[in-house]
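K.L.:
Structure incoming, see below.
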Amino acid sequence: MLLGALLIAASAAASGTPAVAAPQPSASIPLTVVGGDGQVSAAWTAVQGATGYTVHWGAGSKTNRTVATRGTSVRLSTVTNRRTYSVRVTAIGRPAASARRATRPVPYVPTSLTSVSAKPAGPDRIRVTWTGGSQARSVKVLAGADSMTEAHHFSTGWLPAAVRSTVLTVPSRLRKVLGAGTGNVVFVKVAMTNSLHPSRRDGYHFSLAGRYRLTPSGTWSLAGMARAPGASSRLSVATWNVQSVTASAQDAPQNRWANRLPKVVANIEAHTPDVIGLQELTTARIEPACLNPRGRLDCVEQYQTLQSALAAAKVPYVNARTDGNAWVYAHPDSYVDSNLFYNPARLAVEASGFVSPRDLVGRSWPSGQPNEAGMWARFRTLSSTGSARSFYAVSIHLPAGDHGALRAAEAAAIARAMDTRARQKDGTKLPIVVVGDFNGNGARESDAGSLRLLADGYIDAAATSDRTNLNFSTANQTNGRGGIDADYPAVLTPHPYPTSRIDYVMLKNSPYPRSYRNLVPRSGTMFDSRYQGSDHNMQLAVVGIGDPVR
């Protein structure tokens, strides 16, 4: 028999007739089946090139019934509880088939899902996969802006319980809160139910009576990122609320400005941003009793002390405006709160000025509300950053406390003002970088200043996968316990999941974030007192500054 086969093959080779290839084994299709109350569901991985699938199923080990579908999941409802059923799947148009899988439909509470993961799947999209879970009819994915997925939430519909992966698309109504470019994470949970009639909103909580079970809180992803950097100059941008001299005047002595000033300098020297916006670096006098008559400017103010210290630092820094006190004399009931410092080896100032929130917002500005002025500057990158490019930067501090509507109005007014400045005579627009303490969490608060900027076309520089310390707030009061006072905890206490932010770096006309760091000063499990110069953490983003856009 073997000799005959060899002679036939040799004869075919000699005559030029091609030998018939042995049939190739079919590709294996991964298949999951789950038995629920009066139902068996099946789901499988798509086969490239297949025009559809045939589901073969039946009682016991038989698979003598068929269902044709173009999808990758089915529900089989003509079944009897506690009886075993078998399922296998074959691809139409491709040599691929699954192994036979068996399950039993039962009317019980679903078993636990064992894991869930979420990863970006393109702009505004997240791929969610999970394992485990049985004794269910349906499964759905829940998503939202907090770990419980109950704020700004959305979900898939109820899917067959055997499904183990799906792609979430952030709905258009939430894309300025959770979409690509926002920097806000999307928390996800997976819910299973064995209910015969689950409602559309069911599944946010475990229910024994309703036969619902969920995965734990904490899984999250970004909904895609901003686009990859194009032709641009690499720039490191920081923002830091350094706490005003008056705000810390009653703190423990080591936390007052004179003792924090060297720590602020040390922290800036340690990270050497090209440009840094500093909030609560005010025109308040270091000696409150020192009174300057108009025209005399010899009383030392808080911003001047840091201005002098940074000028003598290892990497000298320059303030984009050094006349904050003079500006205050020309604007009664105002003070300068925010400054812009830059490394003159990396940047040059082409123009600069102050931002008066009261002037920008106009008549709706509340009487008695402090006019905390910010600072803007037009910078030009120098040869050390690549091609010379111009851009605008502004440092702001939005109102604290119960002033959400005012924060939103001020952010919108600043956006309009910067749009006007960035527009050039030829119709092109220069890149804009807005940094500051926004005093609002854009993931949960509908009137947050960051949302107003996002609506105006900004993106969040934190919208990058290269991002650290998400589980620490940007303000330290919520991060620790112990220490001398609440603003300066000694012990690091991370949040279990990514948490809220109130300090931001926002980009417009140049959407190129590369990396983002919440610079928590840490030494093991403790705050590093050498750099803990404020009740906030410095935020540091590496971004690309591109050419003007149309």
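Mind the numbering: the sequence shown is residues 1 to 550 in the UniProt record's numbering, read in order. Note that CB positions come from ideal geometry on N, CA and C, so glycine has one too.
#1: Ignoring anything shorter than 3 residues or poking outside the stretch 107 to 151, list the beta strand (DSSP E) runs there in chain order.
#2: How many angstroms separate the CA atom of Trp240 from the CA atom of Leu278?
#3: Using a 10 Å radius around the Cβ and a threshold of 16 neighbouring Cβ atoms, would you call Met538 buried or exposed?
#4: Is the stretch 179 to 192 in contact with the stretch 215 to 224, if contact means three or more CB pairs nearer than 8 Å?
#5: CB Ala541 to CB Val505, shorter than 8 Å?
#6: For Trp240, which residues does DSSP report across the bridge?
#7: Assuming Leu281 and Leu261 make a contact with CB atoms under 8 Å, what is their CB distance in whole Å?
#8: State yes or no: is the C-beta of Gln135 within less than 8 Å of the C-beta of Val116?
#9: Can you find the residues in the same chain that come closer than 6 Å, C-beta to C-beta, to Ala351, ignoring five residues on each side of it along the sequence?
#10: Start and end of the alpha helix (DSSP H) containing Lys263?
#11: What is the DSSP secondary structure of Thr464, counted as helix, strand or coil?
#12: Consult DSSP for Val549 and reduce its assignment to one of helix, strand or coil.
#13: Since Pro316 is in the alpha helix (DSSP H), which residue starts that stretch and which ends it?
#14: Locate the alpha helix (DSSP H) running through Ala351, then write down its first and last residues.
#15: Just to confirm, are Lys189 and Gln532 a CB contact at a threshold of 8 Å?
#16: Report the rounded CA-to-CA distance for Pro25 versus Ala46, giving the unit in angstroms.
#17: Just to confirm my understanding: we take Arg83, look at its own chain, exclude 5 residues before and 5 after, and list those with CB closer than 7 Å. What are they?
#18: Measure the alpha-carbon distance for Met375 versus Leu142 and round it to whole angstroms.
#19: Which residue or residues does DSSP assign as beta-bridge partners of Thr66?
#20: DSSP state of Asn339, grouped into three classes?
#21: With a cut-off of 8 Å on the beta carbons, I'd call Arg407 and Phe438 a contact; round off their distance for me.
#22: Apart from the five residues just before and just after Val315, which ones in its own chain have a Cβ nearer than 8 Å to its Cβ?
#23: Count the other CB atoms within 10 Å of the CB of Asp251; is the residue buried (16 or more) or exposed (fewer)?
#24: In angstroms with no decimal places, state the Cα-to-Cα distance between Val336 and Ser244.
#25: Out of Gly36, Ala42, Val89, Asn64, point me to the one whose CA is closest to Ala50's CA.
#26: Once the 5 residues before and after Val265 are set aside, which same chain residues still bring their CB inside 7 Å of it?
#27: Straight-line CA distance for Leu507 to Thr169?
#28: So the alpha helix (DSSP H) Ala249 belongs to, where does it begin and stop?
#29: Please report the Cβ distance between Ser112 and Gly133, rounded to the nearest whole angstrom; I am assuming they are in contact, meaning their Cβ atoms lie under 8 Å.
#30: Suppose contacts are defined by Cβ-Cβ distances below 8 Å. Is Trp57 in contact with Leu76 by that definition?
#31: What's the C-alpha gap between Ser534 and Arg211?
#32: For the structure I just gave you, are there three or more beta carbon pairs, one from the stretch 451 to 469 and one from the stretch 424 to 442, closer than 8 Å?
#33: Would you list the one or two residues that DSSP bridges to Phe527?
#34: So Arg164 and Ala43 are supposed to be a Cβ contact under 8 Å. How far apart are they, rounded?
#35: By a C-beta neighbour count over all protein chains shown, 10 Å radius and 16 as the cutoff for buried, is Phe206 buried or exposed?
#36: On a CA-only basis, which of Thr193, Tyr458, Cys299 is nearest Arg213? Give me that one, please.
P.N.:
In short:
#1: Counting only unbroken stretches of 3 or more residues, the beta strand (DSSP E) elements lying wholly within the stretch 107 to 151 are 113 to 120, 125 to 132, 138 to 144, in sequence order.
#2: Here residue 240 corresponds to residue number 240 of the sequence shown, with the count starting at 1. Here residue 278 corresponds to residue number 278 of the sequence shown, with the count starting at 1. So the two alpha carbons sit approximately 5 Å from each other.
#3: Along the sequence shown, read from residue 1 onward, the residue named residue 538 stands at position 538. Met538 should be labelled buried.
#4: A contact exists between the stretch 179 to 192 and the stretch 215 to 224.
#5: Taking the sequence shown and counting its residues from 1, the one referred to as residue 541 is at position 541. Taking the sequence shown and counting its residues from 1, the one referred to as residue 505 is at position 505. Yes.
#6: The sequence position of residue 240 within the sequence shown is 240, counting from 1. Answer by DSSP bridge pairing, in chain order: Leu278.
#7: Position 281 of the sequence shown, counted from the first residue, corresponds to residue 281. Position 261 of the sequence shown, counted from the first residue, corresponds to residue 261. About 10 Å separates the two Cβ atoms, so there is no contact after all.
#8: Stepping through the sequence shown from its first residue, residue 135 is reached at position 135. Stepping through the sequence shown from its first residue, residue 116 is reached at position 116. Contact flag unset, no.
#9: Along the sequence shown, read from residue 1 onward, the residue named residue 351 stands at position 351. Within the same chain, Ala351 has close Cβ partners Arg378.
#10: Start at 1 with the first residue of the sequence shown, and residue 263 comes out as number 263. That run of the alpha helix (DSSP H) goes 257 to 271.
#11: Numbered from 1 along the sequence shown, position 464 holds the residue referred to as residue 464. It is coil, neither helix nor strand.
#12: Start at 1 with the first residue of the sequence shown, and residue 549 comes out as number 549. Strand.
#13: Taking the first residue of the sequence shown as 1, we reach residue 316 at position 316. That residue, Pro316, is in no alpha helix (DSSP H); it is neither H nor E in DSSP.
#14: Residue 351 sits at position 351 when you count from the first residue of the sequence shown. Note, Ala351: premise wrong, no alpha helix (DSSP H); beta strand (DSSP E) at 347 to 355.
#15: Position 189 of the sequence shown holds residue 189. Position 532 of the sequence shown holds residue 532. The answer is no: Cβ separation not under 8 Å.
#16: Along the sequence shown, read from residue 1 onward, the residue named residue 25 stands at position 25. Along the sequence shown, read from residue 1 onward, the residue named residue 46 stands at position 46. Since pLDDT at Pro25 reaches only 47, below the 50 mark, its modelled position is unreliable, and the value read off the structure follows with that caveat. If I take the Cα positions, the gap works out to 18 Å.
#17: Along the sequence shown, read from residue 1 onward, the residue named residue 83 stands at position 83. Around Arg83: Ala59, Arg104.
#18: Along the sequence shown, one-based indexing puts residue 375 at 375. Along the sequence shown, one-based indexing puts residue 142 at 142. Between Met375 and Leu142, the C-alpha separation is close to 42 Å.
#19: To locate residue 66, count along the sequence shown from 1; it is residue 66. Partner(s): His56.
#20: As a position in the sequence shown, residue 339 is number 339, starting the count at 1. In the three-state reduction of the DSSP assignment, Asn339 falls in the strand class, which pools E and B.
#21: On the sequence shown, residue 407 is found 407 positions in, with the first residue counted as 1. On the sequence shown, residue 438 is found 438 positions in, with the first residue counted as 1. The Cβ separation is near 7 Å, so the contact holds.
#22: On the sequence shown, position 315 is the one that residue 315 refers to. Glu269, Thr272, Asn343, Ala345.
#23: For the purposes of this step, residue 251 is identified with residue 251 of the sequence shown, where counting begins at 1. Under this definition Asp251 is a buried residue.
#24: Reading the sequence shown from its first residue, position 336 is the one you call residue 336. Reading the sequence shown from its first residue, position 244 is the one you call residue 244. About 11 Å.
#25: The sequence position of residue 50 within the sequence shown is 50, counting from 1. Residue Val89 is the option with its Cα nearest to Ala50.
#26: Taking the sequence shown and counting its residues from 1, the one referred to as residue 265 is at position 265. If we look at Val265 and ignore the five residues flanking it on each side, its Cβ neighbours are Ala309, Leu310, Ala313.
#27: By 1-based counting over the sequence shown, the position of residue 507 is 507. By 1-based counting over the sequence shown, the position of residue 169 is 169. When rounded, the distance between both Cα atoms is 24 Å.
#28: As a first step, residue 249 must be located in the sequence shown, where it is residue number 249. For Ala249, there is no enclosing alpha helix (DSSP H), since its DSSP letter is neither H nor E.
#29: Stepping through the sequence shown from its first residue, residue 112 is reached at position 112. Stepping through the sequence shown from its first residue, residue 133 is reached at position 133. Separation of the CB atoms of Ser112 and Gly133 is rounded to 7 Å, and the pair is thereby assigned contact status at 8 Å.
#30: In the sequence shown, residue 57 corresponds to position 57, counting from 1. In the sequence shown, residue 76 corresponds to position 76, counting from 1. Closer than 8 Å, so yes.
#31: By one-based count along the sequence shown, residue 534 stands at place 534. By one-based count along the sequence shown, residue 211 stands at place 211. Taking the straight line joining both Cα atoms gives about 50 Å.
#32: Touching, per the Cβ criterion.
#33: By 1-based counting over the sequence shown, the position of residue 527 is 527. Answer by DSSP bridge pairing, in chain order: Arg522.
#34: Residue 164 sits at position 164 when you count from the first residue of the sequence shown. Residue 43 sits at position 43 when you count from the first residue of the sequence shown. At roughly 6 Å, the Cβ-Cβ gap stays under 8 Å, so Arg164 and Ala43 are in contact.
#35: By one-based count along the sequence shown, residue 206 stands at place 206. Label assigned to Phe206: exposed.
#36: Residue mapping note: residue 213 aligns to position 213 of the sequence shown, counting from 1. Comparing Cα-Cα distances from Arg213 to each of Thr193, Tyr458, Cys299, the minimum goes to Thr193.
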